[in-house]
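Undergrad: My questions will all concern the structure given below.
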Amino acid sequence: MLQKKSFPIDRIHVPVKRAKTLDPEKVEALATDMLENGQKTPVRLREGKDRFVLIEGYHRLEALKALGEETVEAYLVRARLH
Numbered sequence: 004m005l006q007k008k009s010f011p012i013d014r015i016h017v018p019v020k021r022a023k024t025l026d027p028e029k030v031e032a033l034a035t036d037m038l039e040n041g042q043k044t045p046v047r048l049r050e051g052k053d054r055f056v057l058i059e060g061y062h063r064l065e066a067l068k069a070l071g072e073e074t075v076e077a078y079l080v081r082a083r084l085h
């Protein structure tokens, strides 16, 4: 079972493919909601060499950055081996 933990935002890498999908309006709406209700849904990360790699939750991560947060609630998942 996945355990929710807190991770430092500055140690999270966003892959280039995912970064191209950013919708500023969605980030703004999420940031507003997070101000009122907090982060409801954790993002998903996997371990990289000396950082964590974002798997899911790019807009949530960017909303937290916009709010000046230093940590994000996340699930650490294993990468699938092919």
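Here the numbering used here is used: the first residue of the sequence shown is 4, the next is one more, and so on. Idealized CB from N, CA, C, for every residue including glycine.
1. Using the rule of at least 16 other Cβ atoms within 10 Å of the residue's Cβ for burial, across every protein chain shown, is Arg81 buried or exposed?
2. Under 8 Å: do the region 10-17 and the region 53-61 share three or more Cβ pairs, one atom per stretch?
3. Measure how close the beta-carbons of Val17 and Tyr61 come, nearest whole angstrom, since I'm counting them as under 8 Å.
4. Identify the continuous alpha helix (DSSP H) that holds Val30 and give its terminal residues.
5. Following the continuous alpha helix (DSSP H) through Arg63, name the residue where it begins and the one where it ends.
6. Quick one: what does DSSP say Arg81 is sitting in, helix, strand or coil?
7. Closer than 7 Å: is that where the CB of Leu64 sits relative to any heavy atom of the ligand ADP?
TA: In this structure, then:
1. Its Cβ having fewer than 16 others within 10 Å, Arg81 is exposed.
2. Segments in contact, yes.
3. With a contact defined as Cβ atoms closer than 8 Å, Val17 and Tyr61 qualify at about 6 Å.
4. Residues 27-40.
5. Here the alpha helix (DSSP H) through Arg63 covers 61-69.
6. In this structure, Arg81 counts as coil in the three-state DSSP scheme.
7. Ligands displayed in this structure: none; no statement on the ligand ADP is therefore possible.
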